[in-house]
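Each remark here refers to the structure printed beneath this line.
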Amino acid sequence: MEDNEQDWVEKLVKKSLVYFKQRNFQKAKGILAKVLKIRTKEFGEDNVSVADTLFYIGMVLKEEGNFNEALAKLKSALEIQLKKLGESHIDTINTYEVIGRVFLRSGNSDKAQEMFRKVLDNRLESLPHSLFHLMDLSQDLVLAFRNEDNLSEAIKIQRLVLAKLLQFYGEDSSEVTRVYISIAMLLKDQSRLDDALQMLDKSIEICSRLQHQGGFDTMILAGALLNKAGCLEKQRNFEGAMEVYNRVLLIQKEALGEMHPSTAETYAYLADAYANQNMSEDAIKAYAKAINNRKANFGDGHPSTKKVSSSLRLLKREKKARSLYEQGLVMKAQEDLEKAIQFFHEALDIFKGVYDVHPNMAVIYENISAVKVEQSLLEDGIAASAQALKIRRRTLGDDNAYTKGRMEVHRSLLRRLLENRNHKQGN
């Protein structure tokens, strides 16, 4: 091929990549098909430049979602590269990785893992030049193992990556922090919350040091804090979670602004934490901020707007139910038992309209039971106690101390009923 013609072909390849970045896949494919024809005719089917072209075509097909054709092109490119360049050549490694991503996106996680494992050692040994590739690869491997519910292997790979990054960059690097966070998320999914929090605290500590250096992305710190808040919520430490969410909001509002979608998401998380602490007024304010943000960014009909709006409506109904319940407690204290029962049932009806079971429903049933017993309606009291116990067992489990306490209360009511019946028969 003449130099002028070769330059022309290279310009065609560059033009196709521009179309690829613009997601104009049809034009990119059309140009690459032309380049493939020229290179095959000029150099033969086993030429490295032909492999390059097949690789680019496979990339385009992958982004189109045409996975079978993408695999065919990429495997053809790989066959040439293995023959001409060898297994450890960077072009061969890149092709293995892209084939892995095609398998991952098409749902074949086993094959994806196989391809990614071929790439991992090379990426690790090629640091620091392969840093960005390694970070992408480690996340792809996590996804592949997640899909197979093999979180332990995902953690093992992430720890391997972490050790290599620590060796090259030391602890104070953004990449190290990201891997700490990734491991923490996997540990959280295994319900190893204390271990996850330990990793997150480590990443937060590093971020706090990096903040004083130029160019640090504060969103890494925000991400670590968000994951920490999620762990704390799973431990039912809502007060701790609220404190962390408020810290995240300070970062997001400064870096992204009040109306950024990520800020809205944090407001929604914070509102949920407030709601779990029965801090209704604070929750309503946080939900309102999240909703205003969602509406401004996505409109009223967007699923994320609807989801937060639904949470706010739900909270307001719960607030009404709690108000009725509290009025029932007042009536009970004033010994207006009929009024107390009326308020308790109104509160219970609201909860029943929203939930199958909810801890607050158990509390209301327990109070109804106590009032019925006080009214000498022992059988009604036992029926309400049974409902309360059923909910406690479902929400807390049989081994919970409170559930066990309620079991004993219920047994004592049953014994009392039996004694009453025996007494009547004796008379």
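Our numbering applies: residue 322 is where the sequence shown begins, and numbers increase by one. We treat Cβ as the ideally placed atom computed from N, Cα and C, and that holds for glycine.
Considering only K404, L462 and L448, the residue with the shortest C-alpha distance to V419 is L462. Residue state for H666 is assigned as helix, using DSSP reduced to three classes. In the DSSP assignment, M520 falls within the alpha helix (DSSP H) that extends over L514 to L531.
Straight through space, the alpha carbons of M682 and L458 are spaced by roughly 48 Å.
In this structure, L375 and L357 form a Cβ contact; the two beta carbons are roughly 7 Å apart against a cut-off of 8 Å. If only uninterrupted alpha helix (DSSP H) runs of at least 4 residues are considered, those enclosed by the segment 387-443 are 388-405 and 411-426.
Note that the C-beta distance between G551 and I502 is not below 8 Å. Between V569 and the set L425, D701, Q460 and A589, the nearest pair of CA atoms involves A589. Sixteen is the threshold: since fewer than 16 other Cβ atoms of the shown chains lie within 10 Å of the Cβ of Y723, the residue is exposed.
For Q573, the uninterrupted alpha helix (DSSP H) segment begins and ends at F559 to A576.
Counting along the chain, V463 sits inside the alpha helix (DSSP H) bounded by residues L452 to N468. Around the beta carbon of L571, fewer than 16 other beta carbons sit within 10 angstroms, so the residue counts as exposed. If you draw a 10 Å sphere on the C-beta of V675, you find fewer than 16 other C-beta atoms in it, and that means exposed. In summary, R742 is exposed, with fewer than 16 beta-carbon neighbours lying within 10 Å of its beta-carbon over all protein chains present. With contacts defined as CB atoms closer than 8 Å, A433 and I401 fail to qualify as a contacting pair. Under the Cβ criterion (8 Å, minimum of three pairs), the segment 486-501 does not count as touching the segment 467-478. S337 and L483 have their C-alpha atoms spaced approximately 37 Å apart.
C-alpha of E564 to C-alpha of F424: approximately 42 Å in a straight line. Under the three-state reduction of DSSP, N721 is assigned to coil, being neither helix nor strand. Counting along the chain, the unbroken alpha helix (DSSP H) around P624 starts and ends at P624 to A654. The criterion of a C-beta distance shorter than 8 Å is not satisfied by I504 and R530. The Cβ-Cβ distance between F346 and V381 falls below 8 Å.
Its Cα nearest to that of Q663, the residue I685 stands out among I685, D677 and P680. As the crow flies, the alpha-carbon of A398 is around 40 Å from that of K509. The three-state secondary structure of E474, taken from DSSP, is helix.
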